[in-house]
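Working notes, beginning with the structure itself.
Numbering (the numbering used here), first residue to last: 3 to 442.
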């Protein structure tokens, strides 16, 4: 988040639909100020990294405690089965990235998870409150101090500069209680998921001779509420976790419209509304988050786009042979083409309007909107008329005209819908794991 909060129910600064009411959901997962730090100037974007250590801290209080054991969270975060975080990142990165378990000696040795009980009550405050930082953030420092005996933080200081950046260790706090972002408003013992860093020196711990969470040195943290859905409580799903770690670990900007209520990219990407996606009407929201966009994959170096002319093919996102085609427009703009088939985590595109069964996504990328100033302000897609990462909608174009729009399956190109784009892309085939097309 950039404290632009995306909720399946309601945003702090925008209204959204309940996840149980329809496929139309809020377009922002965070909130509306600039508390998130997503700029690459404050953390190394790990283009060449295949892994980053992560430490998950489960935080309990006197009045509410974490329900699930450490092992449950270790599996959810580091497991390789479907609907587990590392499985998701393995698929979207084409097996080029995973989070590794931070070494620690709490309970199960080196499972990447530590538990702490703070001897006071849950902060129970809204993220939009002026007192949020002073009430909630000291808890994070206290939690780190409490687990210091089980973790040697200096071991993560790979460049020996006395500070821990998010490129060296990702700190993830699971807070006992509820996830406000799911409900769309503050609830009792709830907290709103986000990633940020500490500006107040009083909240920056120095442990094992290294400082943690310091904004000025690239430190970050991500925090989440333990439970989703007051009406039917269950452990948090991976979508919102993957979204906020996209900010913390890769400096991804939000790709929903952070300046208003329109959809941005809707459910077509994790950094839009895709964090709340599911593959059927029974599954919990966020259990099958959709892929990040083609641009995100190029940005991280997970995929090198190729040029093409004449007849060519596109392999689906879930395939080891997944590819992206790049078509230049001018010196600062280009198109990226990818095959968003109904497979893998893109089964979450079930959440679109219509009956999703795949198709080709055509992204228009404007590099002038992907500069440091737009990252700093988290406004890459704030201008509906000129977005940095824009889905060119084949038909039923509603992302920029309907508030909190999920997007429509007919926004994708395929033979039975729209089979060409201008004169540059023609002969687009039917949907499938391998699509054919012609580039002029």
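Heads up, the beta-carbon is just placed ideally off N, CA and C, and yes, glycines get one too. Owing to the predicted nature of the structure, the values given are computational and were not obtained by experimental measurement.
Residue burial classification, residue 117 (beta-carbon count within 10 angstroms, cutoff 16):
As a first step, residue 117 is located in the chain shown; it is residue number 115 there, counting from the start. So residue 117 ends up on the buried side.
If you follow the beta strand (DSSP E) that residue 437 is part of, which residue opens it and which one closes it?
Residue 437 sits at position 435 when you count from the first residue of the chain shown. Per DSSP, residue 437 belongs to the beta strand (DSSP E) from 436-441.
Distance between residue 440 and residue 430 (C-alpha atoms, nearest Å):
Locating residue 430 in the chain shown gives position 428, where the first residue counts as 1. Locating residue 440 in the chain shown gives position 438, where the first residue counts as 1. For residue 430 and residue 440, the distance between alpha carbons rounds to 7 Å.
Can you list, in chain order, the stretches of the alpha helix (DSSP H) that have 4 or more residues and sit fully within the region 275-324?
296-302
So residue 172 is in the beta strand (DSSP E); what residue range does that whole segment cover?
By 1-based counting over the chain shown, the position of residue 172 is 170. Counting along the chain, the beta strand (DSSP E) containing residue 172 begins and ends at 172-181.
Quick check on residue 167: buried or exposed, where buried means 16 or more other Cβ atoms within 10 Å of its Cβ?
Translated into the one-based positions of the chain shown, residue 167 becomes position 165. It counts as buried.
Under the three-state DSSP convention, the category residue 137 falls into:
Here residue 137 refers to the residue found at position 135 of the chain shown. Residue 137 falls in the helix class under three-state DSSP.
Could you check whether the region 232-247 touches the region 183-197, counting it as contact only if at least three pairs of C-beta atoms, one from each stretch, sit closer than 8 Å?
yes
Helix, strand or coil at residue 197 [DSSP, three-state]
Within the chain shown, numbered from 1, the residue matching residue 197 stands at position 195. Three-state result, residue 197: strand.
What would DSSP say about residue 105, mapped onto helix, strand or coil?
One-based indexing of the chain shown puts residue 105 at position 103. Coil.
Among 406, 432, 335 and 329, the one whose alpha carbon lies nearest that of residue 368:
To locate residue 368, count along the chain shown from 1; it is residue 366. Of the listed residues, the one whose Cα sits closest to residue 368 is 335.
Taking Cβ positions, are residue 288 and residue 277 nearer each other than 8 Å?
For this step, residue 288 is matched to residue 286 along the chain shown. For this step, residue 277 is matched to residue 275 along the chain shown. Against a cut-off of 8 Å, the Cβ pair of residue 277 and residue 288 comes out as a contact.
If you reduce the DSSP assignment to three classes, tell me which class residue 402 lands in.
In the chain shown, the residue the question calls residue 402 occupies position 400. Residue state, collapsed to three classes: coil.
Here's a check: name, in chain order, each residue in its chain whose Cβ is nearer than 6 Å to the Cβ of residue 311, leaving out the five neighbours to either side.
One-based indexing of the chain shown puts residue 311 at position 309. Excluding sequence neighbours, residue 311 sits near 441.
Please go through the same chain and pick out, in chain order, the residues whose beta-carbon is closer than 8 Å to the beta-carbon of residue 145, but skip the five residues on each side of it.
By 1-based counting over the chain shown, the position of residue 145 is 143. Excluding sequence neighbours, residue 145 sits near 59, 61, 118, 120 and 175.
Can you tell me whether residue 374 is buried or exposed? The criterion is at least 16 other CB atoms within 10 Å of its CB, across all chains shown.
Residue mapping note: residue 374 aligns to position 372 of the chain shown, counting from 1. Per the 10 Å Cβ criterion, exposed.
Nearest residue (CA-CA) to residue 231, options 69, 182 and 110:
Residue 231 sits at position 229 when you count from the first residue of the chain shown. Ranking 69, 182 and 110 by Cα distance to residue 231 puts 182 first.
Would you say residue 433 and residue 359 are within 8 Å of each other, going by their C-beta atoms?
As a first step, residue 433 is located in the chain shown; it is residue number 431 there, counting from the start. As a first step, residue 359 is located in the chain shown; it is residue number 357 there, counting from the start. Against a cut-off of 8 Å, the Cβ pair of residue 359 and residue 433 comes out as a contact.
Could you tell me whether the Cβ atoms of residue 229 and residue 179 are closer together than 8 Å?
Here residue 229 refers to the residue found at position 227 when the chain shown is read from its first residue. Here residue 179 refers to the residue found at position 177 when the chain shown is read from its first residue. Contact: yes.
What does DSSP give as the partner residue(s) for residue 226 in the beta ladder?
Your numbering for residue 226 matches position 224 in the chain shown. 176.
Rounded to a whole number of angstroms, what is the C-alpha to C-alpha distance between residue 305 and residue 77?
In the chain shown, counting from the first residue as 1, residue 305 sits at position 303. In the chain shown, counting from the first residue as 1, residue 77 sits at position 75. Rounded to the nearest angstrom, the two C-alpha atoms are 27 Å apart.
Spell out a yes or no on whether the region 313-330 and the region 389-399 are touching, meaning 3 or more CB-CB pairs, one atom from each, closer than 8 Å.
no
Tell me which same chain residues have a C-beta within less than 6 Å of the C-beta of residue 411, skipping the five on either side of it?
On the chain shown, position 409 is the one that residue 411 refers to. 354, 356 and 358, listed in sequence order.
Pair within 8 Å by beta-carbon distance, residue 308 and residue 327
Looking up residue 308 in the chain shown gives position 306. Looking up residue 327 in the chain shown gives position 325. It is a contact, given that the beta carbons lie within the stated cut-off.
For the beta strand (DSSP E) containing residue 371, name the first residue and the last one.
Counting from one through the chain shown, the residue named residue 371 turns up at place 369. That residue, residue 371, is in no beta strand (DSSP E); it is neither H nor E in DSSP.
In terms of DSSP beta bridges, what is residue 340 paired with?
Taking the chain shown and counting its residues from 1, one reaches residue 340 at position 338. According to DSSP, which records beta bridges pairwise, residue 340 is partnered with 363.
Can you name, in chain order, every residue of its own chain whose Cβ lies under 7 Å from the Cβ of residue 346, other than the five neighbours on each side?
Taking the first residue of the chain shown as position 1, residue 346 is located at position 344. Only 93, 319 and 320 meet the Cβ criterion.
CA-CA distance, residue 52 and residue 100?
As a working mapping, residue 52 is identified with position 50 in the chain shown. As a working mapping, residue 100 is identified with position 98 in the chain shown. Their Cα atoms are separated by approximately 6 Å.
Kindly indicate which residue of 184, 108 and 113 has the alpha-carbon position closest to the one of residue 151.
Position 149 of the chain shown, counting from 1, holds the residue named residue 151. Per the Cα distances, 108.
Buried or exposed by the 16-neighbour rule on C-beta atoms within 10 Å, applied to residue 122:
Stepping through the chain shown from its first residue, residue 122 is reached at position 120. The residue is exposed, with fewer than 16 neighbouring Cβ atoms inside 10 Å.
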